[in-house]
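In the numbering used here, the protein residues as written are 15 to 426. Here's the structure, in structure tokens; my notes come after.
Here it is in structure tokens:
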């Protein structure tokens, strides 16, 4: 009883019931269950001893954490099917160009299960040049009142005068003004909000990964990968046997990729295509949904076998890459693996992706995988990971990967 009372309090303290808490759900639940286990250990220790109480509570916490994570993933999937609309989302007004409703900013604040639903849009690009910031703010105010909006979301860079006018309008109408950092898109440096006296600044500096951080990441890769190999060994043997029975050819597919610094290595996967599929790539180029050879994706690829389609949908074909991680060629989390043949078409800023080891999963994979159809978007996500790396970011991506695999979104 003490454990479950502590659990509810811990879930509240870690923000698991709050808005804006979609990211790192698994890590938050783990922190909450661990806190509950620690709190429940004290009264139980008086009865069975500290060691037994701690062991029992940690085992219970691990089971409860897995159950909560599974329940939330299932609940979210059911809600997506039964209630795909914005759930309890408050109306907001977008301020930006004609493309604002389809922008990255709009998608971030209005996704299903998010905090806001787009109720109105003020198109800055359609405004006459002689329209003053105050007139623009008045037009936005009329839209706020018409839809009873809770927030005004700016989707692009605006002048200081317009920002001040919109802020006054937001304060007068009781709205929040959201001005995302993405309105000023910084590719290379790692931005951090700092205060000097009462003045805020964006501090921009090149990220430096210390030796201790590199060792921590590598140690985490080895420990977690060892556990995953032990747990998944029976499954991989079953998949290997199924591939042999399903179609002619080898069990594993080996492909040349470029790792950190462009160093070449052989990446392993379970074979999901018929033998000779690579030779057919040029003939199927017209089916590439991205239109970019650097991001080759075919929704219903005719080369994929029956079993291969199932393995891809559940990302089981990636399991042999655990050996690449053990060999130090890849990491559990990182940018998507690179094709050396694509380097000739890279611009200078694309090569920054080579500053980290490629990963089995990453920001691209948990952001829609094959639903991300623009190479620049993939590069942006990869570089965001490199510039913002932390162990907590890796943990968050791993937990989001579990959710993405269960939803099977963008996998083909």
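Here a beta-carbon is modelled for each residue, glycine too, at the ideal position from N, C-alpha and C.
Pairwise C-beta distances place the region 321-334 out of contact with the region 346-354, as fewer than three of them are shorter than 8 Å. Note that the C-beta distance between residue 117 and residue 169 is below 7 Å. Exposed is the label assigned to residue 390, since fewer than 16 other Cβ atoms lie within 10 Å of its Cβ.
Apart from the 5 residues on each side of it in sequence, residue 175 sits with its Cβ closer than 6 Å to the Cβ of 147 in its chain, given in chain order. Boundaries of the beta strand (DSSP E) harbouring residue 272: 266-272, taken from the DSSP string. Residue 66 counts as exposed, since fewer than 16 other C-beta atoms from the protein chains shown sit within 10 angstroms of its C-beta.
Closest option to residue 90, judged by alpha-carbon separation, among 125, 341 and 114: 125. Within the DSSP secondary-structure output, residue 287 pairs in a beta bridge with 318. In this structure the region 367-377 does not lie against the region 249-260, because fewer than three pairs of beta carbons, one per stretch, are closer than 8 Å. Between the C-alpha atoms of residue 289 and residue 123 there is a straight-line separation of about 44 Å.
Under the 10 Å beta carbon count, residue 155 is surrounded by 16 or more other beta carbons and is classified as buried. Annotated three-state conformation of residue 374 is strand, per DSSP. In the DSSP assignment, residue 280 is bridged to 270. Straight through space, the alpha carbons of residue 70 and residue 362 are spaced by roughly 55 Å. In the DSSP assignment, residue 191 falls within the unbroken beta strand (DSSP E) covering 190-192. With a beta-carbon spacing of about 6 Å, residue 309 and residue 392 fall inside the 8 Å limit used to define contacts. Residue 18 sits exposed, since fewer than 16 C-beta atoms from the chains shown fall within 10 Å of its C-beta. For the set 181, 40, 364 and 270, the Cα lying nearest the Cα of residue 416 is the one of 40. With at least 16 other beta carbons inside 10 angstroms of its own, residue 335 counts as buried.
Take residue 44, set aside five residues on each side of it, and the residues of its chain with a beta-carbon closer than 7 Å to its own are 79, in chain order. In the three-state reduction of the DSSP assignment, residue 106 falls in the strand class, which pools E and B. In the same chain as residue 395, and ignoring 5 residues on each side of it, the C-beta atoms closer than 7 Å to its own belong to 377, 378 and 381, in chain order. The criterion of a C-beta distance shorter than 7 Å is satisfied by residue 370 and residue 400. Taken atom to atom, the span from the alpha-carbon of residue 306 to that of residue 296 is near 13 Å. When rounded, the separation of the alpha-carbon atoms in residue 281 and residue 264 is 15 Å. In this structure residue 75 is not in contact with residue 55, their Cβ atoms being roughly 10 Å apart against a cut-off of 8 Å. In the displayed model, residue 133 falls within a strand according to three-state DSSP. Per DSSP, the beta bridge partners of residue 165 are 106 and 190. Going by C-alpha positions, residue 349 is about 21 Å away from residue 240. Less than 7 Å separates the beta-carbon of residue 286 from that of residue 318. Shown here, residue 352 sits in a strand according to DSSP, grouped into three states. Leaving aside the five residues that flank residue 190 on each side, the residues in its chain whose CB is nearer than 6 Å to its CB run, in chain order, 165. Contact check for residue 107 and residue 157: beta-carbon distance about 5 Å, within the 8 Å limit, so the pair qualifies.
When the Cα atoms are used, residue 255 and residue 104 turn out to be separated by approximately 52 Å. Between residue 331 and residue 284, the gap from beta carbon to beta carbon is short of 7 Å. Rounded to the nearest whole angstrom, the C-alpha separation of residue 153 and residue 136 is 8 Å.
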